[in-house]
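Only one structure is covered here, and it is reproduced in the block below.
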Amino acid sequence: QPNPDPPPAYTCNAQSNKVALMFIGNSGAGKSTLLSQLGGDFEAGVAFMEGLTTEVGEQVVTLDGSEVILIDVPGIFEFEDERTRLNAIKLTEALKRGYSYKLYFILSATNRGPSSAELLMMSKVNDCVRQVGDAKITFRVIVNHVQNNQVFDLYDKNIAQDNFQTLFGKLNMKGYSFDITISSVILLAFDEEAIKRKALKDTILSDIKLHEEAQVTLIKDITVTNSDLTAFDAAIIALMSPFLLVGGVAGLAIGLVIGTVTLASGAVGGTGYGIYKGTTYVTKGIKKLLKSKKQD
Numbered sequence: 006q007p008n009p010d011p012p013p014a015y016t017c018n019a020q021s022n023k024v025a026l027m028f029i030g031n032s033g034a035g036k037s038t039l040l041s042q043l044g045g046d047f048e049a050g051v052a053f054m055e056g057l058t059t060e061v062g063e064q065v066v067t068l069d070g071s072e073v074i075l076i077d078v079p080g081i082f083e084f085e086d087e088r089t090r091l092n093a094i095k096l097t098e099a100l101k102r103g104y105s106y107k108l109y110f111i112l113s114a115t116n117r118g119p120s121s122a123e124l125l126m127m128s129k130v131n132d133c134v135r136q137v138g139d140a141k142i143t144f145r146v147i148v149n150h151v152q153n154n155q156v157f158d159l160y161d162k163n164i165a166q167d168n169f170q171t172l173f174g175k176l177n178m179k180g181y182s183f184d185i186t187i188s189s190v191i192l193l194a195f196d197e198e199a200i201k202r203k204a205l206k207d208t209i210l211s212d213i214k215l216h217e218e219a220q221v222t223l224i225k226d227i228t229v230t231n232s233d234l235t236a237f238d239a240a241i242i243a244l245m246s247p248f249l250l251v252g253g254v255a256g257l258a259i260g261l262v263i264g265t266v267t268l269a270s271g272a273v274g275g276t277g278y279g280i281y282k283g284t285t286y287v288t289k290g291i292k293k294l295l296k297s298k299k300q301d
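With this note's numbering as the guide, the letters of the sequence shown map in order to residues 6 to 301.
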């Protein structure tokens, strides 16, 4: 029985001077839709309880007179743990193709700020990726699906104005690194008509022009499981206990217990459901942590 997983490889061979644009995020963040705004023809939309993109795809487009490779990758976290693990493997493989990369994190806006799944995804990728020569990678961030002015102000005041540095500085937890360099944050309003007209292209393209590409090497493969997210949620609870409501902690515990019991009964997606319920309450704590910076 052959091993379906690609073998580890921690260096990348440069493919001439080809520039690749990659949007990294979790399922449902809108990565494929945003790439399609730039001329790609990737399948975009919604899927029930899983990401629509399941394989890595490449398309060559011309942006501002230069050829750029758009790379569409699956989202990281899924309800099924095996899908999460495989998605991390596919992202690792896509980063080993030897291009000069422009890397973006794509987040999906909520009225509570970034989710624990988004923060863990950013930490995991940053831990593994370096420029050739071991310099740190500089990322840029697009916050998609901003629904209204209140959500815009939440992300603008707490994240965009200092490129995540206040929040990252508060996430001081053993075993997790948030020494992440973000050079810009774009907040994109949710507008279906603008998406149909591909009216977001100019906004995204103007930022891409400012983002210098870098040849990438991986110091280790990106490995992620849903158990990692459960552990991360627990670490956030310990960190933010002064900011979490008792009901929030109880909700997390109930969610995880439901997931475990459901899994034990043999139902598909039990663990995923528990993680979903738990993460919902943890994000409330993240919102309170963001607010707490005003008291420092």
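In this text, a Cβ means the ideal position worked out from N, Cα and C, and glycines have one as well. Quick caveat, the model's predicted, so the values are computed rather than measured.
About 40 Å separates the Cβ atoms of A243 and S105, ruling out a contact at the 8 Å cut-off. By the Cβ rule, the region 95-112 counts as touching the region 27-35, because three or more pairs are nearer than 8 Å.
Within 10 angstroms of the beta-carbon of A114 lie 16 or more other beta-carbons, which makes it buried. Contact check between the region 73-85 and the region 228-241: three or more CB pairs, one atom from each, fall below 8 Å, which counts as touching. Counting along the chain, R102 sits inside no alpha helix (DSSP H), nor does DSSP assign it H or E at all. A Cβ-Cβ contact shorter than 8 Å links Y181 with S128. For K101, the closest alpha carbon among the candidates I187, V61 and L159 is that of V61.
DSSP, read as helix, strand or coil, puts E197 in helix. By the C-beta criterion, the region 182-189 is judged not to be in contact with the region 220-231, since fewer than 3 inter-stretch pairs fall below 8 Å. Secondary structure of G174 (DSSP, three-state): helix. Cα atoms of F157 and F169: separation of roughly 15 Å, rounded to the nearest angstrom.
N149 is positioned such that its CB atom lies closer than 8 Å to that of L193. G45 is positioned such that its CB atom lies closer than 8 Å to that of V66. With respect to the 8 Å criterion, I213 and L96 are not classified as neighbours on the basis of their beta carbons.
With at least 16 other beta carbons inside 10 angstroms of its own, Q42 counts as buried.
Annotation: I81 is outside any alpha helix (DSSP H) and is labelled neither H nor E by DSSP.
Between K141 and T89, the CB-CB gap reaches or exceeds 8 Å.
One thing to note: V130 has its Cβ no nearer than 8 Å to the Cβ of A165.
A distance below 7 Å between beta-carbons, with the five flanking residues on each side excluded, links N31 to the following residues of its chain, in chain order: G80, I81, F82, A122, E123 and M126.
When secondary structure is reduced to three states using DSSP, A219 falls in the strand class. Around the beta carbon of T38, 16 or more other beta carbons lie within 10 angstroms, which makes this residue buried. Straight-line measurement puts the Cα of D207 at about 14 Å from the Cα of G70. Taking V151 as the centre and dropping the five residues before and after it, the same chain places the C-beta of A114, F157, Y160, L192, L193, A194 and F195 closer than 8 Å to its C-beta, in chain order.
Around the CB of L215, fewer than 16 other CB atoms lie within 10 Å, so the residue is classed as exposed. If the five residues before and after A240 are omitted, its C-beta is found closer than 6 Å to the C-beta atoms of M178, all from its own chain and listed in chain order.
If you draw a 10 Å sphere on the C-beta of D86, you find 16 or more other C-beta atoms in it, and that means buried.
Per DSSP, F237 is one residue of the alpha helix (DSSP H) stretching across N231 to L244.
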